[in-house]
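In the UniProt record's numbering, the protein residues as written are 1 to 421.
See below for the structure under consideration.
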């Protein structure tokens, strides 16, 4: 018996298209867009080690991630993202200013415009406009008297970004945004974006930490008399968390003579090793909750009070730690995501693939609920609050690492729910 068969061309079957070629290092929620007759769709931005950033939708109903646009201007990994909040939402859609940064000391800035599109698979269309870019090596080439200075390392990595809220100065052409960056060369840098001339300019920097700076957060203090102070929080690999007053640097951004950020107002040794997650929540009466997570699996939360001195001519901010609580071994691995959801509720996520809700009391942190998520090597999380159909408000969080996952946080004391993976 003779059997013969001809080889037929076969096509590769793709079971699930990837969002990135390598792990996802950062994620931010842009907002929600609703097409007529459809449910609102969440729009996210992710950055990856494959040197690209991706604007995508993640649907709770279909559990599908649909890329809308891919940003490919980076020459190295995209490690940090920041949005100039809040994103402007109107009948036409969603508009936001996006900063992305990572390897080779490179920052890119884009204007994202998202609108409903019934012809699209995700019912959302996205338009990307490149606004500005900055690289330290190009900045060095334009500097005057650079022979008197130590050359900055062109291989510096930006580890984290934070947009400074509430910045409006008469000396600068509007609109402008200030951006703080945590850098691997041990510096904290402050930039200003002039959107009209499309320029991103280095305003000030400080090497106070003398080691890799991992996280940075910016916040605004408004005094009873209307005085506003722009404050910055940075965290490094030695476990220290430093608080800065950058108000003067913002005011002198027109023509900075000295690129010096000064010294911190207060430094707290929150952990014994690197701080991999940091979040600040504002409370009434000039108080702030500062939560951080570390390489050793610990969580630290402190209550920070900001008050202005009695000097009427030039009031200076005075910072004081009122309360602090620490939970050693809160997780079995690095705590790479933390959020203060409410003054009494903290959410943490770790490389041990556990997402835990904590009740915050100055007597200690009490675990309320824990769920396991499916993303290995967790890099970051982002959280937001949304109203359900019945009017009940819930928290959502998106996690990234070797994949992307969306979870819904149920009411206090009940388990977490996995909505989309």
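We put the CB at the ideal spot given by N, CA and C, even for glycine.
Fair warning: this is a prediction, and the values are worked out from it, not measured in the lab.
Would residue i and residue j be called neighbours here (beta carbons separated by less than 8 Å)?
i: residue 398; j: residue 27; result: yes
i: residue 111; j: residue 97; result: yes
i: residue 359; j: residue 347; result: no
i: residue 179; j: residue 161; result: yes
i: residue 49; j: residue 25; result: yes
i: residue 356; j: residue 336; result: no
i: residue 79; j: residue 101; result: yes
i: residue 127; j: residue 118; result: no
i: residue 249; j: residue 190; result: yes
i: residue 38; j: residue 123; result: yes
i: residue 214; j: residue 237; result: yes
i: residue 277; j: residue 297; result: no
i: residue 253; j: residue 192; result: yes
i: residue 365; j: residue 330; result: yes
i: residue 208; j: residue 181; result: no
i: residue 132; j: residue 56; result: no
i: residue 204; j: residue 154; result: no
What residues match up with residue i in a beta bridge as DSSP calls it?
i: residue 178; result: 164, 192
i: residue 424; result: Because the chain spans 1 through 421 in this model, residue 424 falls outside it and cannot be assessed.
i: residue 395; result: 385, 409
i: residue 304; result: 288, 321
i: residue 53; result: 47, 71
i: residue 212; result: According to DSSP, residue 212 bridges with nothing at all.
i: residue 279; result: 291
i: residue 183; result: 158
i: residue 204; result: 190
i: residue 266; result: 243
i: residue 41; result: 33
i: residue 425; result: In the structure displayed, the chain extends from 1 to 421; residue 425 sits before or after that span and is not available.
i: residue 58; result: 42, 65
So, for residue i: in the same chain, excluding its five sequence neighbours on each side, which residues have a beta-carbon less than 8 Å away from its beta-carbon?
i: residue 287; result: 303, 304, 305, 306, 322
i: residue 315; result: 223, 227, 308, 309
i: residue 167; result: 176, 177, 178, 230, 250
i: residue 318; result: 265, 306, 307, 308, 309
For residue i, I'd like the list of residues in its chain whose CB is within less than 6 Å of its CB, leaving aside the five on either flank, ordered along the chain.
i: residue 103; result: 76, 77, 157
i: residue 54; result: 19, 46, 67, 70
i: residue 240; result: 267, 269
i: residue 421; result: The pLDDT assigned to residue 421 is 42, lower than 50, so where the model puts this residue is not dependable; a value taken from the coordinates is nonetheless given after this. Here the set comprises 374, 405.
i: residue 403; result: 375
i: residue 84; result: 97, 163, 177
i: residue 73; result: 108
i: residue 341; result: 347, 395
i: residue 40; result: 32, 34
i: residue 22; result: 48, 49, 50
i: residue 148; result: For residue 148, the pLDDT reaches just 47, beneath the cut-off of 50, and the residue's location in the model is therefore unreliable, although a value from the coordinates is still provided. Closer than 6 Å at the Cβ level, and outside the excluded window around residue 148, lies no residue.
Would you give the residue range spanned by the alpha helix (DSSP H) that residue i belongs to?
i: residue 247; result: 247-251
For the beta strand (DSSP E) containing residue i, name the first residue and the last one.
i: residue 366; result: 364-372
i: residue 293; result: 287-294
i: residue 67; result: 65-71
i: residue 361; result: 354-361
i: residue 337; result: 335-342
i: residue 111; result: 106-116
i: residue 239; result: Looking at the DSSP string, residue 239 is not in any beta strand (DSSP E), and its letter there is neither H nor E.
i: residue 422; result: It is not possible to answer for residue 422, since the shown part of the chain is limited to 1 through 421.
i: residue 79; result: 78-83
i: residue 345; result: 345-350
Under 7 Å Cβ to Cβ from residue i, same chain only, skipping five residues before and after it: list those, please.
i: residue 388; result: 394
i: residue 424; result: There is simply no residue 424 to check, as the chain begins at 1 and stops at 421 in what is shown.
i: residue 372; result: 353, 354
i: residue 349; result: 336, 337, 355, 378, 381, 399
i: residue 320; result: 305
Where does residue i fall in DSSP's three states?
i: residue 101; result: strand
i: residue 137; result: helix
i: residue 123; result: coil
i: residue 225; result: coil
i: residue 232; result: strand
i: residue 219; result: strand
i: residue 95; result: strand
i: residue 314; result: coil
i: residue 132; result: strand
i: residue 298; result: coil
i: residue 326; result: strand
i: residue 147; result: Any reading at residue 147 must be qualified, since the residue scores a pLDDT of 45, below 50, and its modelled position is unreliable; no value is offered.
Determine, for residue i, whether the minimum Cβ-Cβ distance to residues of chain E falls below 8 Å.
i: residue 19; result: Included in the structure is just one protein chain, with no chain E present.
Quick check: is any heavy atom of the ligand HEM less than 7 Å from the C-beta of residue i?
i: residue 235; result: Absence of the ligand HEM is noted for the structure shown, with no ligands found whatsoever.
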